[in-house]
Each structure stands twice: as C-alpha cells, then as structure tokens.
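In full-length UniProt numbering, the protein residues as written are 1 to 218.
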C-alpha cells in the first residue's frame, strides 16, 4: 500500500530501493546516474564508496577515463564527494559496508522480488524522461524540485510523508515502518520468507560485521 499510495515517481523509486533493495538512505541518496542502468528488462543499481571507489567515464573531450569517484566529481563537475561537505545541507554520511568487489569498492543492490526490478525499470524510464534527464550540472540520480541533488533530510521527509498519508487514509499506525525500519523489513523478509542463510543475508544487506546480520535470524 505504501508504494501504491505514493504518486511521486521519484519517491516511489526511493521507497522501493529502501524496502525491496534493503539499502540505507545514506547509500541511496549518493547514487549517480551512472550507477543505474537497464539490464535484461530490469533495473540494475550499483552502490559504491562516494569518494574512493573505482569507475570509468567519458571526459568532456569524449575520451574514456578511469579513476576514483572523487576524481570524477572534481574533474567533470567541480564537486566534492558529499561525505566531505561538512555541515552543508547537501552533505551525506556513509556507513562502512562489505563490498561485493572490495577492489573497486562497489556492490550490487540486491532486490528481493523480481517484479520489483521490472517495475523499477518502468519508473526509472518515466523519472528520467519527466524529472531527472533535463539537469546536467551534477551527476546525482535523485533531485529536488529545482533539479539540485536531493538532500538526505528531504529523503527522510519523503518517506515520513508517505507513511503519514497512508496512516491518515486507512487509520493505521506505521511508526515502525519509517526510514531505517524499511531496511529491517528487508532483512526479516530475507530470513523468514526467503529462508536465506546468514552469509547470504549479509551479502544482500552489505553488513561489515556478521553480528549485525545475526539479529534477523533469531
């Protein structure tokens, strides 16, 4: 119901990534356009360290370059990684994760429902055509109404507002399903419904410490 009752295409994508991709808001907010691509009828999303992860891109001269994400932001947009913006509203944190590829410091966003990946692709196409595609002064995937990078505070507010609308319409209490608790929903779904073992859940959620994953199997 949370997704169906949300009309904003951007917010639908955020909610699906949090609830069915199991990622933290600080990870979702720092996704770049380069990280999101259609693959075999589904949406493929890469997660990467916002400063030191490896990536390649086409420079302004059209040549392929390889470097860190921090170098990409600086050379192409004159920007600093959001983890280095201090007290600015556009800053974002980063909690260490266990990467699928530790050499490039990248991981895949693992979705727990195939139909969600297909639906996300439909939403992504709509979002790029109607909202995101027209802005070129930064590479971040999620934007606000002015086309600037969406802030982590705004993302939290969007999730909170979606829950409040549902509460008001159906007279239910969703206090336990806001923000980070969507990630908890993902973890328990992996354990209780999909019957994944501890190591697989850890891989999907990106926990550095196995003890962080263990709470979902008790």
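No residue lacks a Cβ here, since even glycine has one placed at the ideal position from N, Cα and C.
These numbers were taken from a predicted model, which means no experiment stands behind them.
Item: Beta bridge counterpart(s) of residue 101 as assigned by DSSP; Value: 106
Item: 8 Å Cβ shell around residue 8 - same chain, five flanking residues per side excluded; Value: 158
Item: Residue 31 and residue 120 closer than 9 Å at C-beta; Value: no
Item: Contact belief for residue 50 with residue 94 at Cβ below 8 Å, rounded distance in angstroms; Value: 6 Å
Item: As assigned by DSSP and simplified to three states, the class of residue 58; Value: strand
Item: Spatial neighbours of residue 10 in its chain, beta-carbon cut-off 7 Å, leaving aside the 5 residues before and after; Value: 127, 131 and 142
Item: Limits of the beta strand (DSSP E) - the one that residue 187 falls within; Value: Taken as a continuous stretch (DSSP letters only), residue 187 belongs to no beta strand (DSSP E), being part of the alpha helix (DSSP H) at 181-188.
Item: Spatially closest choice to residue 4 from 165, 71, 202 and 40, by CA coordinates; Value: 165
Item: Burial state of residue 59 (16 or more Cβ within 10 Å); Value: exposed
Item: Test item: CB-CB of residue 43 and residue 97 under 9 Å; Value: no
Item: Residue 66 - containing beta strand (DSSP E), residue span; Value: 64-68
Item: Contact check, residue 86 vs residue 186, beta carbons under 9 Å; Value: no
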